[in-house]
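This report refers to the structure that appears directly beneath it.
In my numbering, the protein residues as written are 1 to 175.
So this is what it looks like as structure tokens:
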């Protein structure tokens, strides 16, 4: 796939095989990245669990792109839990326009998948505060569950009745 086609797929929120595999893709021009640079997120689809890993300088555009990719993937309907790992994020900056897009994507995904158990991994106070701000836009009645490590998030998921999820025990992504 050409870099231009990859950028268009990213811009339009369409999932494609190259992006699912974690390969480098075209530009995320809205975030100011050069052609050929890696996105600051990785989606790891485990058996009945998704691990969303973010790293480096993360923007609202990055969150929107990752959520669009997740929600448009047919595997989304099969997962029971999701770990949103922000432990490697250096900064998280989300403007109000992107915050509203994130809220819309989260509301839609909660409507179609209300039983999905989500755990967040973060310890940086600024990152935690930004995630809480975003969560308050779309789920003010739901507490965001933060954990210091992916392993701790897995153990918490197990307490939520998701014992058959790989992330609840032997997930190689959480080891």
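Ideal placement from N, C-alpha and C gives every residue a C-beta, glycine not left out.
Just so it is clear, the structure is predicted and the values come from calculations on it, not from any experiment.
- Here the alpha carbons of residue 92 and residue 152 stand approximately 22 Å from one another.
- Spanning the alpha carbons of residue 60 and residue 135 requires a straight line of approximately 13 Å.
- Here the alpha carbons of residue 86 and residue 127 stand approximately 8 Å from one another.
- For the pair residue 40 and residue 56, the CB atoms are nearer than the 8 Å cut-off.
- In this structure, residue 103 lies near residue 137, with their beta-carbon atoms less than 8 Å apart.
- Beta-bridge partners assigned by DSSP to residue 147: 121.
- If only complete runs of 4 or more residues are kept, the stretch 59-127 shows the alpha helix (DSSP H) at 60-72, 96-112, in order along the chain.
- With fewer than 16 neighbouring CB atoms inside 10 Å of its own CB, residue 129 falls in the exposed class.
- Beta bridge pairing from DSSP links residue 49 with 46, 81.
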